[in-house]
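**Student:** Protein chains in written order, with the working numbering: chain E, 1 to 421; chain G, 422 to 719; chain A, 720 to 1115; chain W, 1116 to 1538.
Quick reminder that beta carbons are idealized off the backbone N, C-alpha and C, glycines included.
Since the model is a prediction, treat every value here as computed from it, not as a measurement.
The structure is reproduced here in C-alpha cells:
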C-alpha cells in the first residue's frame, strides 16, 4: 500500500508519523534525537513502521482475535527489542571495563556488570509477565539508565561511581549504533514468546510480507535543515504544528507547543493555516529541557515530575526560569525546608507563565485551544496552563491528545500526502 | 553546637587558633589555622560535597573533621563565608569576595586578583597587597559558562569530572561554542557529536568559551600581574590551560601578560580567607577568650 | 513610660499601615476616596516627576504609578515588551489589563525616558476612554524658552483636567494645592534628615514604605502618618549598629523590591541617601504661594529642581561633581549605584557619575536589579563585600 | 548596462563621502569649524551656512558595524564602565573615540567645536552628548524638540524651537565660525534641499510599481545616506539625487527590479513593509535571507528617521527657521505610537504589500518600546499577519542568524499558504 511519512526532527526527540491513503494514522514512532540525526530519523521511522505493521495486523484480525492477544504480542515484541539492546549495551560495557577499569578491580566490576544485567533482564521479563504494563519512558536511555542505577546502588560508593561512569560512557555508544530493531527482526521471537496463538499466527506471517511503500516524505522540526531531503520536502515546524493540531482538533484556533528548547504559540484559521505565531529566542528558559534538568536533579524520570507536582497544596513562587539555574533554585528551596511537590508545582507554573506571554503576543486565546509537544504529557503543566488560560481569557476548550507530541510529524505527513497526490 | 561564653584567656595568647568555613552551592569547606607572631600555619582542611543532603549536617561534618584533624580543643574565632551566614557557632561572617581575595593572597603573595569559579557563579576580584578588595565583576543571573553547565555536558558525553581536564588538554582543534544560553549551547554540543567532533575538542571548546568570559571579567578590572584561580573548578587543568591561552591572546596586563597560578589548596581560598580575617579581627578588636571549645561540640 | 509603649506600638502600626498601602495593588484608599463623594476623580502619573499641584488644583487625587513591585505575577504584561526592556512598563500594563487602574480618569506620562514616552501612545491606543497626556519636562532653563514652554504645558494640563472635572481653573485652588505640596515636601525632607542623623532608628525599609504609601493617598493622610512616625522614631531610637553609611542611587524610576533594600541594610550598610520615588522631592524649594501660581511653578522647576538623569545637565562639571556633593551632605562612606536593568537614564548616567565619584576617592559599587528580583544573594555578596572593606579598612 | 547605470550614483556617493571625511581630517589645519549632530533633526543647511562641517556619530557607528569594527569598540566602552544594556551606537562611538577616533574612510575625525543637540525624539541622544562633553570639554547647544504626544506639531511647540534657534543656536554658530548669520545662504541651501527631497520621494514611491525597481529598506538605506547626513542642501547632494532618480526611472522603463548582493531581483514573490532599523553587523546576510526567498521591501519607516518627506514635508525657503523647526518636530521617532501605526497601515495599503515585518533592535527604545502593540494593531486593522524579529544595530552578539532565518522562512511560508488558500 502507498503511504505518506512525516518526520519531525526535534532538539530532544525525533518523531515519525505514517498515513495511509485515507490519511488515517497508520503508525507513530519516536526516539530521542541523541547525537546522530540521521540515525534518529531511521530509528523513528523504523518504530513508526513497526507500529504501522501492528496496525495493519490489528485491522486484519479484528473479529478473529481479541485486542488482548495483540497487546500481548506488542509487549512481547517490545521485550525482545529491549533485551536485544541490553545485550549490546552489556557487551560495550564489558569492553570498556576491560579497557578503562584498573586491573585490580576489573574482575569484580565485570562480575558486578554481569549480575546487574542479569537482574535487569529478569526485571524486564517479570514486567512482561504482569497483566498490566506500567506507564514508562519511551527511550532506552531512560529505561536502561534508571534500571541500571537502581541495581548499581547495591554496591559501595566507589564501585557505584565506577559502574555509573561505565554506563555514562557506553550508553551514548549504544544509542549511536544502528541496531536491528525492525518488525521482521523480532516479531518471530515475540510470537514464540506468547506461544504462537493460532488465531493470529497466520496474519502475523502475512504482515511480515506486506509491502508498505512510503510514497512521499516531508521533514520538519528544529533539525530539519539537516534532513537529507530536497527543499520542497522541508516545511517550517510552525506550519506543521498548525496543520497537525487542526487535523487532531478541527475547531482549534490557537496552538501552544512546548518542545525541548523552543516554545511556539500559533494561531490557525478554519483550514489549519497559520495566521500568526510567536516563538522564544536566544534563551531556552521555560522550555521542556527545563523539566529535564529538574528530573536529573531529583533523580526522577521526566514522566514522574508532573504527578509529583500534582500533590502540591500551595505552589512556591519561582523566580529564575533559567534552565540551568533551576536545579540550584530547587536545592536552595529544599534546604529552606520547602516541600518538593510545592517547588515542583511552582516550577511548572513558571514555565507556563513564559508560555502565556508568547500566547498573548501571538494574539491570545480567543477560541478552542490545543496544547502540544512533549510537555503536554505532563499533568501538572496542563493544570497550570488550564488555570492561567482560564484566569486571563475565561472559559476555553483545552484540547490535549495523548499523541500530541506527534503533532508536528502529523502535520508534515499531511503535507507529504498532499504532494503525493 | 553553640557559641561558648568568652571565659578567661587561652594558655598561650600569642598563638591564635581560627577556623574558616566556606559554604558553596555544591560543597562545604573548612580549615583550621594557627597564627603566631606573623607565622600562619594551616593545621587542617576538609571538604564535604553537598550532593542533595541537608546543608547544616554537611557543614558540621566539614567543620568537625577539620577541627579533629587539627586536634584543636578550642578556637579563638570561627569565621563563616559564602552561604554560611547563619552558622550558629560562627563568631563572625565575611562575604565571599572579601575572603577569596585574602585566601588567594595567602596562597600566592604575588597575586593581585583572584578568579573564583564555582558551580553556579564566576567572579573576578582585584585586591591590593593586603587583600583589600579594590574592585570585582561577576557573571549575570544566567548559567552560561558556569561549572554546572560544564558538568552537564560532561555527563552527556560520558566523561567523569576528573577526566574533563586531562581530555581537554588533548584537544588539537577546539570546536567553538556559539550560543549564549547554556541549553542552546548544549544543543550545539549535541550537533558537534553528530558532526563527529572529538570529545577533547568539544570540552576544550567549552573551556575556551568559559575562559573567554572569565578573561573578559578580569579585563574589565584592568588587572595586572598574577591572578589566582580559586573555587570549585580551580583543579580543572583544561580550564587552567584555556584561561592561560585566553590571557596571552587577550594581551591582558599593560606591562607584562597576566599570569594565572593555581595551588593545591585553591579550593579552600574562601575558607582560608575567612580564617585569616577572623584572626585579624580577633586581634584588631582585642576580643580575648575563646569562641568555641570542643566541649560544646555535638 | 506608658506613652513610650504607645509610641512603640504606634510606630509599628504606622509601618504596617504603610506596608499594606504600598503593597495594595488595587489602590484601595484611592478608590475609597473617590467613592466617598460623587464627582471625585483620580489622575495617575508615571515616574519620575509630575506636577501634583496641578492635579490637586483641578480637584483630582494624584496617584503615583510606580510599577507592580515584586508580588504582581506578570501574565499579559510580557506580551507587550521585548526581553531587553525594563520591567516597570510590563507590570504597569499588567495592572491596567487586570482592571486595577480602571479608577483613573486621567494618566500623565512624564518625559522620563523613551519607554515611558511610548507607553503614553500605547495607552491612547488601549484605553481611548482615559485622558492620556505625555508631558515633556523643560530641558532648557531660560525663562524665555524653557520657562514659557513648561508654563504652557502646565496650563494646558490644568485646563484639560478642569474641563474633565467640569470646573474652572481657579488660581486659589492652585495656590492651596501648592501650599499642601510644599508641606508634604518639607515633611519628606524632615524624614530624610532624621534618617541621615539616626539611620539606626529610621530603617530605610520603613521610610520607603511610608513614602511609597504617600504616592497613592490624600496628602493630609500622609502628613498625619508621617508626623506620628517621626514622633515615634524620636522616642524609640532602636539599637545603633556598626555599619557603613552608603548612598544608593539610580533607582528613581523602577523601584527596587523591598527585599533588596533590606538586603543592603542587613549586609552591613546604612542607607543615608537615595533617589527612590524621587518625584516626591523633585522640587527642592518651596513654591511661593503668591503671584501667578503657574509662573511660580514654572520658575521653581527651572531654578529649584533636583539634579537627576531625566533632565539635561547644563553645567559641564555637573555630572562630575554631583556625587561628591551628595556624599558630603549625607556624610556617606561610599556609593551603591543600583539601577534597574535596561534603565537608560540611570545606566547612561552611571559612567559619568561614577568617574566623578572615584576621582574624588569615594568607594563605589554598582549593580542592576528589577522590581521583581527575587534572589538577593548577588546583592548581599556585593553590599556585604563593600561593608566588609569599610569594616576592615575603615578610617584609612 | 544595469551595473553601469547603477554605479553612477554609487560612485558619486562614494566620492562625496570620501571628500567630506578628507575635509574633516584637514579641518584642524584649515580651521573649518566642526559641529557634531544627529541624523534626526539635523540642521545641516543652517550649520553649513556658517561654513561649519557636520559630523554624525550614528553614521560613524553604523559604518563601524558594517566594517566589523563595532564589536571591539563596544567591548572597549563596556570595559570603561558602560552597561551592556544600553544603546550600542553610543558604546560603538565611545569605543571608536577611545581607539583613536578613526572614521569610516580610515581618516581621523576632528574634535567638535560644538555639540549640537537639535533633536530629543531619542532620549539617548541627550546622554550621548553629555558623555561626549566629558570627553571633549566643548560647548553644547541643546534644542529641546517637543514630542508629538498629541499627534501633531502644536504652534507653540514650533515657536519654542524657533526661539531656541534664534536665542541659543545662531549665536553659538556665530561664535565658533566668527561669521554672521546669513539668511540668504540658508535660503539657497533650503531650495537645494527641497529639490533633492522631491527626487528622493520619487525614488521611494517607485516601489509602488511591480516589479519594484528598488528595495525600499536594504537598498534605500544607501539612497537616504546623503540627505540624512552632511549633504542635504548641497549641490553635490542634489546631483546625487538627480542621477539616482534617473537610474530608477530607467529600471522602471525596463521593468527591472533592484540589484541585491545576490544579483538582480526581478521576479519578486513577496512585497513587504518593514518597521525598525536594520542590523548593520550582518547587513548583507540579513538582506540575503530576503532575496533568497524573492522577497522585496516596498516601504520602510527607518528610511524616514531623517525626515518623513513622502508625507509632504519639504524644506521651505519662504520660512527658513520655521521650516527647520517643523523638520525637527516631524522626524519619524518624534511621532507618537498611534501616528506610527497609521503610517504603517498607509504603507501596506498604498504599496499593496503582502505582509509586514518588524525588526526590533535592542539598542533603540525610541523605536522598539511598543512595537509589539504596533504589530497587533496593524494585524488587527489590516487583516494581514505580521512578523516580529529581534536583533540589534551594531552589537554582533545580538544577531542570531538561525533564529531570524527560521522566523522569516516560517513567516513567508505562512504568507504563501494563505495566498494559495485565498483565490
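Run down chain G in chain order and give the residues with a C-beta less than 7 Å from the C-beta of residue 1194 of chain W.
**Tutor:** Chain G residues near residue 1194 of chain W: 640, 641.
**Student:** How would you label residue 1215 of chain W, buried or exposed, when you count the other beta carbons within 10 angstroms and need 16 or more for buried?
**Tutor:** Exposed, since its Cβ has fewer than 16 Cβ neighbours within 10 Å.
**Student:** Assuming contact is defined by CB atoms lying nearer than 8 Å, are residue 1412 of chain W and residue 1333 of chain W in contact in what I supplied?
**Tutor:** For residue 1412 of chain W and residue 1333 of chain W, yes; Cβs fall inside 8 Å.
**Student:** I want to verify the contact list: residues of chain G whose CB lies under 7 Å from the CB of residue 1090 of chain A, in sequence order.
**Tutor:** Within chain G, no residue comes near residue 1090 of chain A; the closest Cβ sits about 15 Å away, beyond 7 Å.
**Student:** Short of 8 Å Cβ to Cβ, which residues in the region 1199-1231 of chain W face chain A?
**Tutor:** Result list: 1200, 1201, 1202, 1205.
**Student:** Could you tell me whether the region 103-122 of chain E touches the region 132-140 of chain E, using the rule of 3 or more Cβ pairs below 8 Å?
**Tutor:** Judged by Cβ distances under 8 Å, the region 103-122 of chain E makes no contact with the region 132-140 of chain E, as fewer than three pairs qualify.
**Student:** Using a C-beta to C-beta distance shorter than 8 Å, which residues of chain G count as neighbours of residue 982 of chain A?
**Tutor:** Within 8 Å Cβ-Cβ: nothing; residue 982 of chain A doesn't reach chain G, min ~11 Å.
**Student:** Please report the residue range of the alpha helix (DSSP H) in which residue 572 of chain G lies.
**Tutor:** Per DSSP, residue 572 of chain G belongs to the alpha helix (DSSP H) from 568-578.
**Student:** For residue 456 of chain G and residue 691 of chain G, I'd like the C-alpha separation in whole angstroms.
**Tutor:** Spanning the two alpha carbons is a distance of roughly 17 Å.
**Student:** Does residue 840 of chain A get closer than 8 Å to chain W when you measure Cβ to Cβ?
**Tutor:** Output row for residue 840 of chain A: interface = yes.
**Student:** So if DSSP puts residue 967 of chain A in a beta bridge, which residue, or which two residues, is it bridged to?
**Tutor:** Partner(s): A:993, A:1055.
**Student:** Within the continuous alpha helix (DSSP H) that includes residue 670 of chain G, where are the two ends?
**Tutor:** Element bounds for residue 670 of chain G: 658-670.
**Student:** Our contact map puts residue 983 of chain A next to residue 967 of chain A with C-beta atoms below 8 Å; I'd like the distance itself, whole angstroms only.
**Tutor:** Their Cβ separation, rounded to whole angstroms, is 7 Å, which keeps residue 983 of chain A and residue 967 of chain A in contact under 8 Å.
**Student:** Got a sec? Which residues, its chain only, sit under 8 Å from residue 1119 of chain W by beta carbon, not counting five neighbours each side?
**Tutor:** Summary for residue 1119 of chain W: the model assigns pLDDT 44, below 50, so the residue's position carries little reliability, and this model does not support an answer.
**Student:** Taking the alpha carbon of residue 866 of chain A as the point to measure from, which residue in A:1090, A:1041, A:1107, A:1013 has its own alpha carbon closest?
**Tutor:** Selected option, being the one with the closest Cα: A:1013.
**Student:** For a contact meaning CB atoms closer than 7 Å, what does residue 1103 of chain A contact in chain G?
**Tutor:** Here the neighbours are 516.
**Student:** Which word fits residue 541 of chain G, buried or exposed, when buried means at least 16 other C-beta atoms lie within 10 angstroms of its C-beta?
**Tutor:** Buried, because 16 or more other Cβ atoms sit within 10 Å of the Cβ of residue 541 of chain G.
**Student:** Assuming residue 1238 of chain W and residue 832 of chain A are in contact, meaning their beta carbons sit under 8 Å apart, how far apart are those beta carbons, in whole angstroms?
**Tutor:** Confirmed, Cβ separation roughly 5 Å.
**Student:** With 16 as the cutoff for other CB atoms within 10 Å, does residue 278 of chain E come out buried or exposed?
**Tutor:** Buried is the call here.
**Student:** If we ignore side chains and look at the alpha-carbon of each, how far apart do residue 799 of chain A and residue 1177 of chain W end up?
**Tutor:** Looking at the two C-alpha atoms, the distance is approximately 28 Å.
**Student:** Entirely within the region 1372-1436 of chain W and at least 4 residues each: give me those alpha helix (DSSP H) ranges in chain order.
**Tutor:** Those alpha helix (DSSP H) runs which fall completely within the region 1372-1436 of chain W and span 4+ residues are 1398-1407.
**Student:** Please say whether residue 578 of chain G and residue 659 of chain G have beta carbons closer to each other than 8 Å?
**Tutor:** Against a cut-off of 8 Å, the Cβ pair of residue 578 of chain G and residue 659 of chain G comes out as no contact.
**Student:** Output the distance between the C-alpha atoms of residue 760 of chain A and residue 352 of chain E, rounded to the nearest integer angstrom.
**Tutor:** Residue 760 of chain A and residue 352 of chain E: Cα-Cα distance of roughly 38 Å.
**Student:** For residue 553 of chain G, go through chain A and note every residue whose CB falls closer than 8 Å to its CB, in chain order.
**Tutor:** Those within 8 Å of residue 553 of chain G in chain A are 1108, 1111, 1112.
**Student:** Let me know the secondary structure DSSP gives residue 869 of chain A once reduced to three states.
**Tutor:** Here residue 869 of chain A sits in helix by DSSP.
**Student:** Residues of chain A with CB closer than 7 Å to the CB of residue 484 of chain E, please, in chain order.
**Tutor:** Outside the shown range of chain E, which is 1 to 421, sits residue 484 of chain E, and nothing can be said about it.
**Student:** Using the C-alpha atoms, what's the distance from residue 1164 of chain W back to residue 1300 of chain W?
**Tutor:** Each residue's alpha carbon lies about 6 Å from the other.
**Student:** How big is the Cα-Cα spacing for residue 414 of chain E and residue 1098 of chain A?
**Tutor:** About 53 Å.
**Student:** With distances taken Cα to Cα, identify the nearest neighbour of residue 1155 of chain W among W:1489, W:1421, W:1473.
**Tutor:** Per the Cα distances, W:1421.
**Student:** Three or more beta-carbon pairs under 8 Å between the region 255-266 of chain E and the region 14-29 of chain E, yes or no?
**Tutor:** Touching, no, given that fewer than three Cβ pairs across the two stretches are closer than 8 Å.
**Student:** Curious, which full-length beta strand (DSSP E) runs of at least 3 residues does the region 450-503 of chain G contain?
**Tutor:** Here the runs fully enclosed are 460-470, 498-503.
**Student:** Does the distance from the CB of residue 1207 of chain W to the CB of residue 1234 of chain W come in under 8 Å?
**Tutor:** No; because the gap between Cβ atoms is not below 8 Å, this pair is not in contact.
**Student:** Could you check if residue 209 of chain E is buried or exposed, using at least 16 other CB atoms within 10 Å of its CB as the buried criterion?
**Tutor:** Under this definition residue 209 of chain E is an exposed residue.
**Student:** Taking Cβ-Cβ distances shorter than 7 Å, what residues in chain W pair up with residue 276 of chain E?
**Tutor:** What residue 276 of chain E touches in chain W: 1494, 1500.
**Student:** Beta carbons nearer than 8 Å to chain G: which residues of the region 971-996 of chain A have them?
**Tutor:** Of all residues in the region 971-996 of chain A, 986 have a Cβ within less than 8 Å of some Cβ in chain G.
**Student:** Pop quiz: residue 306 of chain E and residue 381 of chain E are said to be a contact at Cβ under 8 Å. What is the actual Cβ separation, rounded to whole angstroms?
**Tutor:** At roughly 6 Å, the Cβ-Cβ gap stays under 8 Å, so residue 306 of chain E and residue 381 of chain E are in contact.
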